[in-house]
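Encoded as structure tokens, the structure appears first; notes follow it.
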Amino acid sequence: RKEVEQDPGPFNVPEGATVAFNCTYSNSASQSFFWYRQDCRKEPKLLMSVYSSGNEDGRFTAQLNRASQYISLLIRDSKLSDSATYLCVVNLSSGDKLTFGTGTRLAVRP
Amino acid sequence: NAGVMQNPRHLVRRRGQEARLRCSPMKGHSHVYWYRQLPEEGLKFMVYLQKENIIDESGMPKERFSAEFPKEGPSILRIQQVVRGDSAAYFCASSPLSTRRNYGYTFGSGTRLTVV
Chain A
42 RKEVEQDPGP FNVPEGATVA FNCTYSNSAS QSFFWYRQDC RKEPKLLMSV
92 YSSGNEDGRF TAQLNRASQY ISLLIRDSKL SDSATYLCVV NLSSGDKLTF
142 GTGTRLAVRP
Chain B
8 NAGVMQNPRH LVRRRGQEAR LRCSPMKGHS HVYWYRQLPE EGLKFMVYLQ
58 KENIIDESGM PKERFSAEFP KEGPSILRIQ QVVRGDSAAY FCASSPLSTR
108 RNYGYTFGSG TRLTVV
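Line order of the protein sequences matches chains A and B. When the letters of the first sequence are read in order and numbered with my numbering, they come out as residues 42 to 151. When the letters of the second sequence are read in order and numbered with my numbering, they come out as residues 8 to 123.
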């Protein structure tokens with residue numbers, strides 16, 4: 042089983058759609074969780090941290106389910122500019138390194 | 008604040024040459040991480056350093072790869088005797104605090120290494 046697993050997609054959605062990405066992680070002792078966004082041939086950029094109680098930032102909502110070792114990202118009212126790869130990222134252990142999923146590709150069409 | 012600075016942006020090396028990749032963390036950041044991204048693949052952790060210390064090098068290949076973060080100057084990732092399989096994007100990231108406090112990394116724009 043991969044340490045951080047995501048559906049690679051692609052998710053192809055029309056503008057205005059709501060889309061959800063899921064991610065599972067292997068270590069129940071994991072402490073920190075993030076979603077990053079990566080555009081083609083660019084560096085990953087932090088989208089949002091994920092907190093136990095769930096958190097929202099504008100059109101983006103992140104949820105964490107520790108019991109199921111599962112993280113989600115919901116994007117409402119998709120924009121063309123949301124087209125990118127979304128990376129699920131976890132601090133799996135007591136160390137400081139972050140482990141990245143391979144990403145879920147999103148394509149928003151007009 | 009200039010962000011995480013990596014240079015060069017693109018590097019071409021012939022097989023057997025050495026590649027040196029540089030990373031200057033954001034001002035005030037004391038933690039530096041190197042990741043490698045092969046074409047069409049995810050980011051793989053290589054090494055985590057603080058000033059003058061390698062904290063975790065569990066992702067570094069056993070041979071030809073080394074990293075340092077001296078007291079003065081940038082962090083350097085060094086690849087000796089490069090081979091075609093080393094062609095990848097190498098990203099450096101920095102953070103001011105432990106990621107266990109839910110503080111993520113800021114990445115540089117990467118160095119794209121091509122071995123010919």
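Positions of the beta carbon are idealized from the N, C-alpha and C atoms, including for glycine. Remember, it's a predicted structure, so these values are computed and weren't measured experimentally.
Residues that residue i bridges to, as DSSP identifies them
{"i": "Y42(B)", "result": "F52(B), F98(B)"}
{"i": "V122(B)", "result": "R20(B)"}
{"i": "P85(A)", "result": "Q79(A)"}
{"i": "N63(A)", "result": "S113(A)"}
Residue i, enclosing beta strand (DSSP E) - first and last residue
{"i": "S73(B)", "result": "72–75"}
{"i": "P55(A)", "result": "52–55"}
{"i": "R27(B)", "result": "26–31"}
{"i": "A148(A)", "result": "145–150"}
{"i": "A125(A)", "result": "125–132"}
Check whether residue i and residue j have beta carbons under 8 angstroms apart
{"i": "Q88(B)", "j": "R71(B)", "result": "yes"}
{"i": "F98(B)", "j": "E56(A)", "result": "no"}
{"i": "V11(B)", "j": "A100(B)", "result": "yes"}
{"i": "Q79(A)", "j": "T145(A)", "result": "no"}
{"i": "V45(A)", "j": "S119(A)", "result": "no"}
{"i": "R21(B)", "j": "V123(B)", "result": "yes"}
Beta-carbon neighbours of residue i, restricted to chain A and to distances below 9 angstroms
{"i": "S116(B)", "result": "K83, E84"}
{"i": "D63(B)", "result": "G136, D137, K138"}
{"i": "F76(B)", "result": "Within 9 angstroms Cβ-Cβ: nothing; F76(B) doesn't reach chain A, min ~14 angstroms."}
Distance between beta carbons of residue j and residue i, contact taken as under 8 angstroms
{"i": "Y42(B)", "j": "K51(B)", "result": "6 angstroms"}
{"i": "Q57(B)", "j": "H38(B)", "result": "6 angstroms"}
{"i": "L105(A)", "j": "F74(A)", "result": "6 angstroms"}
{"i": "D137(A)", "j": "Y55(B)", "result": "6 angstroms"}
{"i": "V131(A)", "j": "L139(A)", "result": "7 angstroms"}
Chain A residues whose Cβ lies nearer than 8 angstroms to that of residue i
{"i": "H36(B)", "result": "Under the 8 angstroms cutoff, chain A gives no residues; its nearest Cβ is about 12 angstroms from H36(B)."}
{"i": "L84(B)", "result": "In chain order: nothing, as chain A lies at least about 15 angstroms away."}
{"i": "Y55(B)", "result": "G136, D137, K138"}
Residues that residue i contacts on chain B, provided the C-beta gap is smaller than 8 angstroms
{"i": "L139(A)", "result": "Y40, F52, T106, G111, Y112"}
Chain-ordered chain B contacts of residue i [CB-CB under 7 angstroms]
{"i": "G50(A)", "result": "Correct list: empty, because the minimum Cβ distance to chain B is about 13 angstroms."}
{"i": "F75(A)", "result": "G111"}
Contact set between residue i and chain E, taken where Cβ atoms lie within less than 7 angstroms
{"i": "G142(A)", "result": "Of the chains in the structure shown, none is chain E; the protein chains are A and B."}
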